[in-house]
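Q: If you read the sequences in order, they're chains A and B. Numbered by my numbering, the letters in the first sequence go through residues 1 to 141 in order. Numbered by my numbering, the letters in the second sequence go through residues 1001 to 1415 in order. We put the beta carbon where it would ideally sit given N, CA and C, even for glycine.
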Amino acid sequence: MTIKEQQDTIIEEFSFFTDWTEKYEYIIQLGKDLPLIDEQYKKEENLIRGCQSKVWLHAEHKEGKIYFTADSDAVITKGLVSMVVRVLSGQSPNDIAGAAIYFVDAIGLKNHLSLTRSNGLLSMLKQMKMYGVAFRNLEMR
Amino acid sequence: MTNSEPITDSALDIEKIRKDFPILQTKVYGRPLIYLDNAATTQKPRAVLQSLENYYTQYNSNVHRGVHFLSQQATEAYEEARKKIAAYINARFDHEIIFTKGTTNGINLVASSFGRKYLKEGDEVLISAMEHHSNIVPWQLICEEKGAVLKVIPINEQGELKMDAFDELLTKKVKIAAITYVSNSLGTVNPIREIIQKAQALNIPVLIDAAQAIQHIPIDIQQLDADFLAFSGHKIYGPTGVGVLYGKEKWLNEMPPYEGGGDMIKNVTFAKTTYNELPFKFEAGTPDISGGIALGAAIDYIQHIGVAAIQQAEEEVVAYAYGRLSAIPSLRFIGDAQHRSGAISFLIGNIHPYDLGEILDKQSIAVRTGHHCTQPLMDFFHIPGTVRASFAFYNTKAEVDELVKGIEKAKRMLE
């Protein structure tokens, strides 16, 4: 699936929820379910500091694609993180570098990507795109 | 959870008072706002908003300069506000009241001006482990510049100052002590009177960070005898952008100016500038005129309600909240001081404070989550942060009940 298709699928999934409780219960479940990152990668250099919750991000470049794993100490953040990983992981560096992420807004969680939200999600997204740019440049050498 | 006792609020008619605060009628996500983030900033009564509007619609003009009618009117109103503030904390002189941008600005002023004049290499500045970053970093900056040493009074597990350690740290090497009256993260009320008395016995001046005290506890500065006291207007129902530094006349006269500019000078030549008298020596540039005047209006408002009645109402609602929160399984208080005021910090099981804050927010309950700008304190408790509910006299017991319900829902979702 492309980045766009992944996002549209998530939007579709969220369209079934009728209130915020269901939506958040789903996000919390995503956060709880997914063992997102190998413990060895939960190290200082992979830490993206949000003001309140910590996010770890690990990137692996394999056969022209980037595979992300990530984790957070806060479960709601972790759920959001897992969705962003689902959208971007396994895509090409070029697609990741240029990706427009619209699903967060579309499922009514826009505030999580605003600058005032210090949950590290925005920083994580920036970091993922940086990996995209970096690996793209590496491929072009 | 049993809560059979009837919900009654204090002697104050809280429902009537709430009507004075337009924002308390706001809805968030379609539900009535429950505002329990008063330690971050308080809401503004209509009288304060009216005062801001009156200033800009009727007599906006620069102060202390113009000969024209409006300028004189603005100057009078601004200076009248200074008098009200002086009277409110019972300062000996009006010119001991310096208008600042807020608590942070006031502490930076003292750290810089006092530090430049009195701190030498090897001297010590004494703070406590529960200080807000704004009462840590300004001192670190000046200590670094002067080669002075920052000493820290430790706290116990309840979040109270270890006074025996304070006694040991208080030596002749200490040139100034800067201590918070009330902890913004824990709600601990420190024994400020005792601290000041002990410091003064060694001729050590004391700065009190009153950012979390001024709105909860009546302050008589002459009785306290603090050398400096800083607070923010917006935490005592006034606007943001204005604050107050009280300083004893003697210190303010001796200290060099903090910032240079207009209003703070007597005479300027390129060879030498002589400084204006107090308080203007420390008020360079056009001040926050409307903010100062509106802070005066806020003081009028709380005096109209009655400071003692406010304190009583707040103690009641905080005690009620404390009682109800204690009954929640797996809730633990962060900071459990015997003397407390305003704020209650807690954590629930292994739930991250950010997650809890998020689910409370969705239920239109505004609390603060995080380290509250007291990272060293969070390190002491080995936690990433807390959830903090902080109260004002306009908060009701019914709102506390909503908070408890909100927490229970969050627990069900997150645990």
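Could you confirm whether any beta carbon from chain B is found closer than 8 Å to the beta carbon of Tyr26/A?
A: Tyr26/A does not count as touching chain B.
Q: Taking contact to mean 3 or more Cβ pairs, one atom from each stretch, closer than 8 Å, check whether the segment 1010 to 1021 of chain B and the segment 132 to 140 of chain A are in contact.
A: These segments do not touch.
Q: To the nearest angstrom, how far is the alpha carbon of Ile1007/B from that of Ala1230/B?
A: The pLDDT assigned to Ile1007/B is 47, lower than 50, so where the model puts this residue is not dependable, and the model offers no usable value.
Q: Given a cut-off of 8 Å on the beta-carbon distance, is the pair Asn1276/B and Met1264/B in contact?
A: Yes. Within cutoff.
Q: If we cut at 8 Å on Cβ distances, does His1132/B have a partner in chain A?
A: No, its Cβ sits nowhere closer than 8 Å to a Cβ of chain A.
Q: Beta-carbon within less than 6 Å of Gly1296/B's beta-carbon, same chain only, minus the 5 sequence neighbours each way: which residues are those?
A: Closer than 6 Å at Cβ, skipping near neighbours: Ala1081 and Lys1084.
Q: Within its chain, find whatever has a CB closer than 8 Å to the CB of Ile1236/B; leave out the 5 residues flanking it on each side and keep chain order.
A: Counting only Cβ-Cβ distances below 8 Å, and skipping sequence neighbours, we find Thr1042, Ile1214, Gln1215, Leu1295, Ala1298, Ile1299 and Ile1302.
Q: Can you give me the C-alpha to C-alpha distance between Gln127/A and Ile1153/B, rounded to a whole angstrom?
A: Going from the Cα of Gln127/A to the Cα of Ile1153/B covers about 40 Å.
Q: Take the Cβ of Ala100/A as the centre, count every other Cβ of all protein chains shown within 10 Å, and call the residue buried at 16 or more, exposed below.
A: Looking at its Cβ environment, which holds fewer than 16 other Cβ atoms inside 10 Å, Ala100/A is exposed.
Q: Ile963/B lies in the beta strand (DSSP E); which residues open and close that run?
A: Residue 963/B falls outside the range modelled here, since chain B spans only 1001 to 1415, and no answer is possible.
Q: Could you tell me which of Ala1199/B, Gly1159/B and Asp1379/B sits nearest to Thr1188/B, measuring between CA atoms?
A: Ranking the options by Cα distance to Thr1188/B, first place goes to Gly1159/B.
Q: Is the segment 1257 to 1273 of chain B touching the segment 1186 to 1201 of chain B in the sense that three or more CB pairs, one from each, lie closer than 8 Å?
A: The segment 1186 to 1201 of chain B is not in contact with the segment 1257 to 1273 of chain B.
Q: Would you kindly check if the distance between the Cβ of Val1317/B and the Cβ of Phe1346/B is under 8 Å?
A: Not in contact: Phe1346/B and Val1317/B (Cβ atoms no closer than 8 Å).
Q: From the beta carbon of Trp20/A, is the nearest beta carbon of chain B less than 8 Å away?
A: Cβ-Cβ to chain B under 8 Å: yes for Trp20/A.
Q: Could you please tell me which residues of the segment 60 to 72 of chain A, in chain order, have their CB closer than 8 Å to any CB of chain B?
A: The segment 60 to 72 of chain A vs chain B, Cβ under 8 Å: nothing.
Q: Who are the near neighbours of Ser1330/B in its chain, counting only those whose CB is closer than 7 Å to its CB and skipping five residues on each side?
A: Once the five neighbours on either side are set aside, the close Cβ partners of Ser1330/B are Ile1348 and Gly1349.
Q: Only counting the same chain, and skipping five residues up and downstream in sequence, which positions put a Cβ closer than 8 Å to that of Asn1003/B?
A: Reliability fails at Asn1003/B, whose pLDDT of 43 lies under 50, so the model's placement of it is uncertain and the value that follows must be treated cautiously. So the qualifying residues of the chain are Arg1324 and Asp1401.
Q: Got a sec: is the Cβ-Cβ distance from Ile1007/B to anything in chain A below 8 Å?
A: Confidence is the limiting factor: at Ile1007/B the pLDDT is only 47, short of 50, which leaves the residue's position unreliable, though a coordinate-based value still follows. Judged by the 8 Å Cβ criterion, Ile1007/B is not in contact with chain A.
Q: Out of curiosity, what's the CA-to-CA distance linking Gly1115/B and Lys1250/B?
A: Computed Cα separation, rounded: 15 Å.
Q: Along the chain, where does the alpha helix (DSSP H) that runs through Lys1198/B open and close?
A: Lys1198/B -> alpha helix (DSSP H) spans Ile1192 to Ala1201.
Q: Closer than 8 Å by beta-carbon distance: list the chain A residues that pair up with Tyr1419/B, in chain order.
A: It is not possible to answer for residue 1419/B, since the shown part of chain B is limited to 1001 through 1415.
Q: Since I believe Trp1139/B is in contact with Ala1178/B (beta carbons under 8 Å), could you give me their beta-carbon distance rounded to a whole number of angstroms?
A: The Cβ separation is near 6 Å, so the contact holds.
Q: Would the segment 43 to 54 of chain A and the segment 67 to 84 of chain A be scored as touching if the rule is three or more Cβ pairs under 8 Å?
A: At 8 Å Cβ cutoff, the stretches touch.
Q: Going along the chain, which unbroken runs of the beta strand (DSSP E) with 3 or more residues stay wholly within the segment 1210 to 1266 of chain B?
A: Complete beta strand (DSSP E) runs here, min 3: 1228 to 1232 and 1243 to 1247.
Q: Look at the alpha carbon of Ala1389/B and the alpha carbon of Ile1407/B, and state the distance between them as a whole number of angstroms.
A: Near 11 Å, if we compare the C-alpha coordinates of Ile1407/B and Ala1389/B.
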